[in-house]
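A.B. asks: Below is one structure. I have some questions about it.
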Amino acid sequence: MTNKATVLVQLARAMSHADTQRSMAWRLCLACTRVLGADSGAITLAYTRPERVTLCATDDTAARLEDLQDVLGEGPGADAFESGRAVRCSLGDHAAHRWSMFADSARQAVGPLEIHAFPMRQGRSVIGVLTLYHASGHRLRREPAEAQFLADAVVAALLHEPGTTKTPSPWSARASIDQATGMVVAQLAISPQDALVLLKAHAYADDTSLDLVAEAVVDRRFDFRHYDDSFGSDPS
Amino acid sequence: MADHRTTPESQGDARTAMGRSFAQVLGELAEDPEEQPALERIVHQAVEAVPGCDYCGVSLRRGRDKVETPASTDPLVDEADSLQYDLQEGPCLDAIYVDDTYVVDDLRTDDRWPRWAPRAAALGMRSILSVRLATTSGTLGGLNLYARETHAYTRHDVDVAHLYALHATSALVMTQKVAGLQTALGTRHVIGIAQGILMQRYGVSKERAFEVLRRYSQHHNLKLRDVAQELVDRGSIPAHGPAIGDG
C-alpha cells in the first residue's frame, strides 16, 4: 500500500543526515537511495537530450552506469525518460534485453546488478530520471508506487530550490563535455550533434568515460584531427 | 446552482464540492508542461467554475511594467484588455497593481475607469470580476471574468474565483519553473559548446573564452545565450580582434 506521508518523512530524515555542504540534488539523491534501500543512485536531467546532465551519482558504479547509458544512447534510464514510466532491468538476467549492448557492457563493468529507473515528473513533463542500483537478489525497500512518488517529489524539491534554474558551475563535468564538443566542432568543421557522437564513440572504443575523453580534449592532450595517429592511445 | 447560495451550510457543502473539483482541475492543469496550454485550460475552466461568467481572460505580467493577455475564451476579452493596456486604466491592471479583487456590477454606471468603462460597455460587457494571481514572492497577473448581464457576480462567486485563482497560480508557477529549468539546461549547453569553439580556434582557456562571449554580449547588448547560439549556428561572431588571443 502506498504511504506517501511515511516516505516523505523518511526522505526528510535521510536528508537531514546528509552532508549539508553538498548540493540539494546530491542530498536528495543520497536520501532516496537510503530510503529505498538501494546500494547506489543517480539523478540525471534531460536524459536523452543534448543538454543532459547527471546532477549526482552516489558512487562510481552509479556514475559508470549513467555514463554508459549516455555513451551508448540506450538503457533503462533512456526508456524511463522517453516513456514516462518506471523501468526495471536485471543485468544478471541473460534473457534477451531491449538494450543488449548496454546490458553486456554494464554486466562486464559492474557485474549482475538490478537497475530501477523512475521518471522524475511534473505534470506531463518528464524532466529527468532517478535511477537506483542494487545487488541482484535484493529488492527495493518500498513499493514501486512509493519510489515513483519520491522521484516526483524530488522534482518539486529541485524546482523550489533557487539555484536550480540558474546557469550553475557545479555542473562543470558536463561543461567539459560541452566544451569538448565545441572543440571538436572547430577541429573537424562538423555539427555539435556529430561531434558528440564522435566523443561518445571514442569513449566506448577506449572503454573509458565521456568525462575522461572530454577532459583529454579540453586539456588538449587529444585532438580529433590526429585521430588516425592517436587511435588506440589511452586519453586518460 | 441558485439553491446553493441560500444557507451557510449549503454554501459550505458547495465549497467542499468546489474544492474537490478544483483539485481535479489542478490535476488537469498540472498536466500541461507548457504555459500556453495551461493558460487555455485555466480560462476555459474558469468560465465553467464561476456561475454568471460569460468570458474569461488571464492577464500576465511580463517584466515589471508590461502586462499582456496570453489567453482568453473570446476575442472580446482580448479587445477589452487591449483597451486597458492602451489607456493604462481598468480592473485587470488594478487587480495586479492596486487591490486583489474588483467587482463591477454595471460598467455603464461604474465611475472608477472613466475612459475605459464606456468602451468596454460598448463591446457588450456589463459585469466584471477581476482577481489577482499571486504567490508569496510576487504577483503573476490576474484572472478576469466578464459577463453580459449586470450584477452577475455574488459574494459566493467572488469566493469561488479566489479559490480558483489560488489553484491556477500554483499550476502556473510549476509550469513556469519547469520551463525555467529546461531553459537553463539549454543555455548552459550552448554556452559550453560556444566556449569550446573559441577555445579550439584561438587556443584560449575556457575562462577566457567565456569572457569573450560575455564581453561581446555586453558590448552589443545581446543575451549571452544568443551570442553563443549565433556562434554555434554560424561558426563565427563578428571579428573580435586581437583581444581573443591575449593570455
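Residue numbers (my numbering), protein chains in the order written: chain P, 1 to 236; chain C, 1 to 247.
No residue lacks a Cβ here, since even glycine has one placed at the ideal position from N, Cα and C.
Name, please, each residue of chain C whose Cβ falls closer than 9 Å to the Cβ of P:Val185.
C.D. replies: Within 9 Å Cβ-Cβ: Ile193, Gly196, Ile197, Gln200, Val232 and Gly235.
A.B. asks: If I'm right that P:Ala80 touches P:Ala86 with Cβ under 8 Å, what's the distance once you round it to whole angstroms?
C.D. replies: Going by Cβ atoms, the distance from P:Ala80 to P:Ala86 rounds to 6 Å, so yes, they are a contact pair.
A.B. asks: Can you give me the Cβ contacts of C:Glu40 inside the same chain, cut-off strictly under 7 Å, excluding the 5 residues immediately before and after it?
C.D. replies: Correct list, in chain order: Ala71.
A.B. asks: Return the residue from the list P:Phe118, P:Phe222, P:Leu150 and P:Arg225 that minimises the CA-CA distance to P:Tyr47.
C.D. replies: Of P:Phe118, P:Phe222, P:Leu150 and P:Arg225, the residue nearest in Cα terms is P:Phe118.
A.B. asks: Does chain C have any CB closer than 7 Å to the CB of P:Ser23?
C.D. replies: No, P:Ser23 does not count as interfacial toward chain C.
A.B. asks: Please name the residue or residues paired with C:Asn144 in a DSSP beta bridge.
C.D. replies: DSSP output for C:Asn144 lists C:Gly57 and C:Ser130 as bridge partner(s).
A.B. asks: For P:Gly182, would you say it is in contact with chain C, using Cβ-to-Cβ distances shorter than 7 Å as the test?
C.D. replies: Closer than 7 Å to some Cβ of chain C, the Cβ of P:Gly182 qualifies, so yes.
A.B. asks: Nearest by alpha-carbon distance to C:Leu133: which of C:Lys223, C:Leu60, C:Ser217 and C:Gln229 is it?
C.D. replies: Closest by alpha carbon: C:Leu60.
A.B. asks: Determine the burial state of P:Gly111: buried for a count of at least 16 other Cβ atoms within 10 Å of its Cβ, exposed for fewer.
C.D. replies: The residue is exposed, with fewer than 16 neighbouring Cβ atoms inside 10 Å.
A.B. asks: Tell me the residue span of the beta strand (DSSP E) that contains P:Leu130.
C.D. replies: Where P:Leu130 is concerned, the enclosing beta strand (DSSP E) stretches over Ser125 to Ala135.
A.B. asks: Does C:Leu172 have its Cβ less than 7 Å from a Cβ in chain P?
C.D. replies: For C:Leu172, the answer is no, since every Cβ of chain P falls outside 7 Å of its Cβ.
A.B. asks: What are the residues of the region 178-189 of chain C that lie near chain P, defined by any Cβ-Cβ distance shorter than 7 Å?
C.D. replies: Hits within the stretch, in order: Val178, Gly180, Leu181, Ala184, Leu185, Gly186, Thr187, Arg188 and His189.
A.B. asks: Out of C:Asp106, C:Thr73, C:Thr101 and C:Lys66, point me to the one whose CA is closest to C:Gln88's CA.
C.D. replies: Selected option, being the one with the closest Cα: C:Lys66.
A.B. asks: Would you please verify whether the beta carbon of C:Lys223 is less than 7 Å from any beta carbon of chain P?
C.D. replies: With 7 Å as the cut-off, C:Lys223 does not count as an interface residue toward chain P.
A.B. asks: Please classify P:Gly182: does DSSP put it in a helix, a strand, or coil?
C.D. replies: Correct three-state label for P:Gly182: helix.
A.B. asks: Alpha carbon to alpha carbon, what distance is there between P:Ser90 and P:Ala145?
C.D. replies: If you take the alpha carbons of P:Ala145 and P:Ser90, they lie about 19 Å apart.
A.B. asks: By Cβ distance below 7 Å, which residues in the same chain neighbour P:Glu74 in space, the five residues on each side in sequence not counted?
C.D. replies: Contacts found: Trp99, Met101 and Phe102.
A.B. asks: How many Å lie between P:Asp207 and P:Leu72 at the Cα?
C.D. replies: Cα-Cα distance, rounded: 12 Å.
A.B. asks: Taking the DSSP output, what are the residues bridged to P:Cys89?
C.D. replies: Answer by DSSP bridge pairing, in chain order: P:Ile115.
A.B. asks: Distance cutoff 7 Å, beta carbons only. Does P:Ala46 sit that close to anything in chain C?
C.D. replies: Closer than 7 Å to some Cβ of chain C, the Cβ of P:Ala46 qualifies, so yes.
A.B. asks: Taking a contact to mean a Cβ-Cβ separation below 7 Å, would you say P:Thr33 touches P:Gly41 in this structure?
C.D. replies: Yes, the Cβ-Cβ distance between P:Thr33 and P:Gly41 is below 7 Å.
A.B. asks: Between C:Lys206 and chain P, is any beta-carbon pair separated by less than 7 Å?
C.D. replies: By this cut-off, C:Lys206 is an interface position.
A.B. asks: Looking at chain C, is there any beta carbon in it that lies within less than 7 Å of the beta carbon of P:Ser105?
C.D. replies: So no, P:Ser105 is outside the interface.
A.B. asks: What are the residues in the region 115-133 of chain P lying within 7 Å of chain C by C-beta distance?
C.D. replies: Per Cβ criterion, the list reads Gln122, Gly123, Arg124, Ser125 and Ile127.
A.B. asks: Decide yes or no for the touch test of the region 177-189 of chain C against the region 41-55 of chain C: beta carbon pairs closer than 8 Å, at least 3 of them.
C.D. replies: Not touching, per the Cβ criterion.
A.B. asks: Tell me whether P:Val237 is buried or exposed, calling it buried when 16 or more other Cβ atoms sit within 10 Å of its Cβ.
C.D. replies: Nothing in the structure corresponds to residue 237 of chain P, since chain P is present only between 1 and 236.
A.B. asks: Please name the residue in C:Ala171, C:Met199 and C:Thr183 whose C-alpha comes closest to that of P:Thr181.
C.D. replies: Of the candidates C:Ala171, C:Met199 and C:Thr183, the one whose C-alpha sits nearest the C-alpha of P:Thr181 is C:Met199.
A.B. asks: Do you know whose CA, among C:Val212, C:Leu222 and C:Thr150, lies nearest C:Val103's CA?
C.D. replies: The option with the nearest alpha carbon to C:Val103 is C:Thr150.
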